[in-house]
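What follows is a single structure, written as structure tokens, with notes after it.
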Amino acid sequence: MSGITFDPLAPIMSPSVHLPHYKLLESPNSRSILIGRWKITAQTNPISNQGESDHLQNQLGDEEGTGIPLPEMCFGNNLLKLEWREAGFLKDHDKESKVSSDTEDDLDADGDTWMYQFDTLHALLGVKKGQMEDGDGGVKVEYADKWMKSRSGPSPLLPMPKTVPTKPYDWTYTTTYPGHCSATASSKSDSPSSHWLPANPTIPSQIIPLSELTRPDPILFYAEVPLFEDELHDNGSSGVIVRLRVMPTCIFILARFTLRVDGVLFRTFDTRIYSSLERDLQNKTPIVIRETSGWEAPYESIKVRLPTRTDLTPLTDPGWIAKILTELPSSQTNGAGTGWRGLGKKCEWISVS
65 MSGITFDPLA PIMSPSVHLP HYKLLESPNS RSILIGRWKI TAQTNPISNQ
115 GESDHLQNQL GDEEGTGIPL PEMCFGNNLL KLEWREAGFL KDHDKESKVS
165 SDTEDDLDAD GDTWMYQFDT LHALLGVKKG QMEDGDGGVK VEYADKWMKS
215 RSGPSPLLPM PKTVPTKPYD WTYTTTYPGH CSATASSKSD SPSSHWLPAN
265 PTIPSQIIPL SELTRPDPIL FYAEVPLFED ELHDNGSSGV IVRLRVMPTC
315 IFILARFTLR VDGVLFRTFD TRIYSSLERD LQNKTPIVIR ETSGWEAPYE
365 SIKVRLPTRT DLTPLTDPGW IAKILTELPS SQTNGAGTGW RGLGKKCEWI
415 SVS
């Protein structure tokens, strides 16, 4: 799911902004940044091997042991994690010290920690198991019903997938997973860090400041974390990728699910996470803003927007697809007529203290 258009998450550099104190940690499959009282970790690994896939498959199973077939490319060990602690994660808070690369041994493990994470398991737990119902946004192609039949006596003439489930599931792997948060056991369930609250668009601290995100500030830390991808048995593609950038003034995450079903529809579900580092560096309790948005449109309504009719490459670019979807007036209301409950937009905020 490689991109070919300009991406607002791509690193931009400008030397004019003051750089706060931060520290980078690296290992073969994990990178972290410590900044203010935050620790942010991006863990990227190869596609899951057979043993890892079996373990993930077991975790996805229900009480009857029935889950869903795994996507063709499953990155079961990948994750992006935000951690915040009142005392911070560095023993040395000397603001004059130089930026350096270090190891986990420099971390202070004491104190309660608020955490927010994106991972493959929870993304796939959001995929519908069982018969599709109203609101699930079920998608049909010519062979969909035949694919959903049991293993018993399949005709060799049918284009059956490699793994045919004994129970139905959403073969498009549509998920509205927005990440998940947790706090330490000592945190109370009714504390502010346990509940997302509806954002008030008239309060600046509860909305994502687009002007700040489009400013040419230096990128202190950047990561792309793929969770899964599947080509839907040559009927299109489906996948989730999480991207992060940390700038001197803020943390920004874009987690994007993109679905293309050839000849049928396009679908995108975005989760944007924003937190001001300026509040944290001023010893104020950080606020995290979460904005979720879903779009959908018939295949042809996107295809006709191609810059060049003979070049179909943009139809495989999640960035271009999302851009066109946001320009269509009915993409968040009627969509492609599937009744998918993921359409629309919601903005929430949470205090991490």
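Using the numbering used here, the letters of the sequence shown map in sequence onto residues 65 to 417. Just so you know, even glycine gets a beta-carbon here, dropped at the ideal spot from N, CA and C.
Item: Let me check one thing: in DSSP terms, what residues is lysine 443 bridge-paired to?; Value: The structure shown does not extend to residue 443, since the chain is modelled only from 65 through 417, so no value can be given for it.
Item: The beta strand (DSSP E) with glutamate 197 in it runs from where to where?; Value: Where glutamate 197 is concerned, there is no enclosing beta strand (DSSP E), given that its DSSP letter is neither H nor E.
Item: For isoleucine 267, is the classification buried or exposed, using 16 other Cβ atoms within 10 angstroms of its Cβ as the cut-off for buried?; Value: exposed
Item: So, helix, strand or coil for tyrosine 237, using DSSP?; Value: coil
Item: Tell me the DSSP secondary structure of tryptophan 260 in three-state form.; Value: coil
Item: Of all the options Leu83, Gly152, Glu116, Ala187, which has the alpha carbon lying nearest to the alpha carbon of valine 289?; Value: Ala187
Item: Strictly by DSSP, which residues pair up with alanine 319?; Value: Val306, Thr335
Item: Which residue from Glu360, Val352, Pro92, Ser365 puts its Cα closest to that of isoleucine 271?; Value: Val352
Item: Using CA coordinates, which residue listed in Gly243, Pro135, Pro242 is at the minimum distance from aspartate 294?; Value: Pro135
Item: Quick check: the region 329-336 against the region 98-107, are there 3 or more CB pairs under 8 Å?; Value: no
Item: Quick one: grab the DSSP three-state call for alanine 187.; Value: helix
Item: Do proline 232 and glutamine 195 have their beta-carbon atoms positioned less than 7 Å apart in this structure?; Value: yes
Item: Run through DSSP, which three-state label would tryptophan 384 get?; Value: helix
Item: Identify every run of the beta strand (DSSP E) within the region 89-145, keeping only runs that are complete inside it and at least 3 residues long; order them along the chain.; Value: 94-99, 102-107
Item: Going by the CB atoms, is the gap between leucine 146 and alanine 106 shorter than 7 Å?; Value: no
Item: Report the CB separation of aspartate 281 from proline 312 in whole angstroms; it is logged as a contact under 8 Å.; Value: 6 Å
Item: Taking the straight line between their C-alpha atoms, what separation do you get for lysine 204 and tryptophan 413?; Value: 36 Å
Item: Please classify threonine 390 as buried or exposed, where buried requires at least 16 other C-beta atoms within 10 Å of its C-beta.; Value: exposed
Item: May I have the straight-line CA-CA distance separating threonine 356 from asparagine 113, to the nearest angstrom?; Value: 32 Å
Item: If you draw a straight line from the alpha carbon of tryptophan 178 to that of serine 340, how long is it in whole angstroms?; Value: 16 Å
Item: On the three-state DSSP scale, how would you describe isoleucine 366?; Value: helix
Item: Since proline 290 sits in a beta bridge, which residues does DSSP pair it with?; Value: Ile305
Item: Please state if the CB of valine 304 and the CB of leucine 284 are separated by a distance shorter than 7 Å.; Value: no
Item: Taking the C-alpha atoms as reference points, what is the distance between leucine 407 and cysteine 138?; Value: 26 Å
Item: Out of curiosity, what's the CA-to-CA distance linking glutamate 360 and proline 393?; Value: 11 Å
Item: Who does glycine 401 pair with in a DSSP beta bridge?; Value: BP columns for glycine 401 are empty, so no partner.
Item: Starting from asparagine 341, follow the alpha helix (DSSP H) in both directions and report where the run begins and ends.; Value: In the sequence on display, residue 341 carries leucine and not asparagine. First-last of the alpha helix (DSSP H) with leucine 341: 341-345.
Item: Tell me the rounded alpha-carbon separation between lysine 192 and arginine 405.; Value: 12 Å
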